[in-house]
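Reviewing the structure listed below.
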Amino acid sequence: MKLLTIGEFARASRLSPKALRLYDELGLLRPVRVDEYSGYRYYSPDQLDQARLVAWLRRAGLPLATIAEINGRPPAEVAAAVTAFLRVAEAEFSERKGLALFLLDYLSEGQTAMPGTQLAIRYAAASDIGRERDRNQDAAYAGTRLLAVADGWGPGGDAASEAVIDALRPLESAESAGDLLNALSDAITAATSSLRAAAESDPEFADSGSTLTAMLWSGSRLALVHIGDSRAYLLRDGGLFQITHDHSIVQSLIDAGRLTPEEAWSHPQRAMLLKSLGTTAGTPDLSLHDAQAGDRYLLCSDGLSAVVPAADIRETLAAQESVPADAVQRLIELANAAGGPDNIACAVADVTAAAAAA
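Written out as structure tokens, the structure is:
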């Protein structure tokens with residue numbers, strides 16, 4: 001079989017000689033023969049398919065190191081690697097899109113917002129060990145401007161969730177909506193650093209972390225930070241709306257159309273997270289929302305949402321004359337009545353005009 005010079009092979013494969021030399025250096029595509037005097041590379045026509053595959057993988061965005069790992073493997077293994085890369089790319093794009101939309105909203109708000117009604121909240125929070133766990137790794141907090149729920153995991157999960165809540169407590173003193181978002185981001189950074197430092201000094205923390213869902217009010221606006229599978233719900237005009245998106249394996253399968261919400265309830269991997277604070281990488285979702293007098297917000301861990309149907313949660317939150325403390329207690333009772341397989345954390349806030357809450 002006649003060998004092709006590097007120039008001929010480059011034209012046939014639609015790759016540049018420079019790319020071919022790089023692929024040779026990286027071991028992705030070795031020439032069949034290298035002239036011992038001139039160093040000139042020669043390729044076999046049988047290598048064209050491999051060259052085109054490497055080029056396609058590069059155009060798809062796969063890193064060269066990943067291509068080197070899968071180069072020459074069976075098509076099924078290469079396909080699996082491409083699928084895994086695609087999922088990561090989609091998740092990263094989703095995060096960037098969410099941040100871009102938030103920035104557009106924030107910039108627009110800064111230019112056009114008019115002074116709104118000053119609002120306040122009535123609030124309550126509690127956590128419960130449930131019926132099957134030997135310790136409580138959930139933490140909940142409610143204050144005049146801050147609501148937060150954290151669900152710890154791993155050997156040091158109880159300390160992790162408390163550390164995350166502690167990092168947010170100073171946010172009660174933040175001044176404006178813009179400052180709130182920066183403060184939330186800084187608090188998350190501080191919490192993550194604290195968890196990582198603990199992991200370095202205490203082996204118990206090495207495989208531990210926490211989810212976080214928290215709200216901070218300013219005037220008629222609220223800032224929301226979310227990572228993991230704890231949730232935030234809004235009850236408005238009798239309708240219940242989930243305003244966070246779970247960062248979990250099961251939710252990703254639902255998003256991909258491979259699982260229905262009904263099937264997710266009994267899925268064996270429903271507790272596996274894609275993102276959380278601690279040793280699991282991930283960027284929290286940050287957003288701004290408009291609050292209205294009469295709104296009721298619920299933050300909860302999956303110890304509630306995974307076992308109590310949304311219809312029952314809505315009915316409890318919509319109950320006439322129930323104050324936040326009553327709603328929190330009733331929700332915990334419902335979770336325990338459903339078996340209480342996990343710890344339970346709830347925080348409820350009613351939004352009112354500032355004078356009414358005083």
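This note's numbering applies: residue 1 is where the sequence shown begins, and numbers increase by one.
Cβ coordinates follow ideal geometry from the N, Cα and C atoms, glycine included.
### Task
Pull up the CB-CB distance for LEU240 and ALA232, whole angstroms please, since I reckon it's below 8 Å.
Actually they are not in contact, since the Cβ atoms of LEU240 and ALA232 sit about 11 Å apart, beyond 8 Å.
### Message
If you reduce the DSSP assignment to three classes, tell me which class ALA177 lands in.
### Response
Residue placement at ALA177 is flagged as unreliable, the pLDDT there being 49, under the threshold of 50; the coordinate-derived value follows with that caveat. Three-state DSSP puts ALA177 in a helix.
### Task
Can you say whether GLY72 is buried or exposed, counting buried as having 16 or more other CB atoms within 10 angstroms of its CB?
By the 10 Å Cβ count, GLY72 comes out exposed.
### Query
Along the chain, which unbroken stretches of the alpha helix (DSSP H) at least 4 residues long are found entirely within the stretch 46-91?
48-60 and 64-70
### Query
Per the contact definition of three or more C-beta pairs closer than 8 Å, is the stretch 212-223 in contact with the stretch 296-308?
yes
### Query
Do CYS346 and LEU331 come within 7 Å of each other at the CB atom, strictly closer than that value?
yes
### Query
For the stretch 143-177, which segments carrying the beta strand (DSSP E) assignment without a break, of at least 3 residues, lie completely within its bounds, in sequence order?
146-153
### Message
Given this structure, state the Cα-to-Cα distance separating ALA113 from ARG221, to the nearest angstrom.
### Response
The predicted model places ALA113 with a pLDDT of 39, which falls under 50 and marks its position as unreliable, so this point remains unresolved.
### Task
Could you tell me the boundaries of the alpha helix (DSSP H) in which ILE6 lies?
For ILE6, the enclosing alpha helix (DSSP H) has its first and last residue at 6-13.
### Query
Among THR189, GLY27 and TYR123, which has the Cα closest to the Cα of SER276?
THR189
### Query
Going along the chain, which residues of its own chain have a beta-carbon closer than 8 Å to the beta-carbon of ASP24, five neighbours each way excluded?
ARG30, PRO31 and ARG41
### Query
Should GLY294 be labelled buried (16 or more other beta-carbon atoms within 10 Å of its own) or exposed?
With fewer than 16 other Cβ atoms inside 10 Å of its own Cβ, GLY294 counts as exposed.
### Inter-residue spacing [alpha-carbon to alpha-carbon] between GLU77 and ILE67
12 Å
### Query
Can you check whether the CB of ALA79 is closer than 7 Å to the CB of ILE70?
no
#### Entry: Same chain, Cβ closer than 7 Å to ARG52, five either side skipped, listed in chain order
Contacts found: SER13.
### Query
To the nearest angstrom, how far is it from the Cα of HIS247 to the Cα of ALA10?
44 Å
### Message
Comparing C-alpha positions only, which one of SER173, LEU3, ALA160 and ASP229 sits nearest to ASP202?
### Response
The candidate whose alpha carbon is nearest that of ASP202 is ALA160.
### Query
Buried or exposed: GLY238, going by 16 or more other Cβ atoms within 10 Å of its Cβ?
exposed
### C-alpha distance - GLY209 paired with SER322, whole-angstrom precision
34 Å
### Query
Ordered along the chain, which non-local residues of its own chain (more than five positions away) have a Cβ less than 6 Å from that of SER230?
VAL149, ASP151, THR211, THR213 and SER301
### Task
Could you name the residues that DSSP lists as bridge partners for TYR233?
GLN242 and LEU298
### Message
My assumption, with CB atoms under 8 Å, is that GLY339 sits in contact with ARG131. Please give the rounded CB distance.
### Response
6 Å
### Query
Taking just the CA atoms, how far does LEU15 sit from ASP285?
Within the model, the alpha-carbon separation for ASP285 versus LEU15 is close to 41 Å.
### Query
Where ASN136 and ASP342 are concerned, what is the direct C-alpha to C-alpha distance, given to the nearest angstrom?
9 Å
### Task
Assuming ALA124 and ALA142 form a contact by the criterion Cβ under 8 Å, report the distance between their Cβ atoms to the nearest whole angstrom.
6 Å
### Message
Quick check: PRO324 and ARG59, are their CB atoms within less than 7 Å of each other?
### Response
no
### Message
Once the 5 residues before and after PHE85 are set aside, which same chain residues still bring their CB inside 6 Å of it?
### Response
LEU62
### Query
At least one CB of chain B closer than 7 Å to the CB of SER193: is that the case?
Looking at the structure shown, chain B is missing, and only one protein chain is on hand.
### Task
Could you tell me which of LEU26, GLU8 and PRO75 sits nearest to TYR43, measuring between CA atoms?
GLU8
### Query
On the three-state DSSP scale, how would you describe VAL328?
VAL328: helix per DSSP, three-state reduction.
### Message
Please identify the residue among ASP35, GLN47, VAL351 and LEU57 whose C-alpha is closest to the C-alpha of TRP217.
### Response
VAL351
### Query
Since THR213 sits in a beta bridge, which residues does DSSP pair it with?
VAL149 and HIS226
#### Entry: beta-carbon ALA140 near the ligand GDP non-hydrogen atom, thresh 6 Å
Of the ligands one can find in the structure shown there are none, so the ligand GDP has no counterpart to examine.
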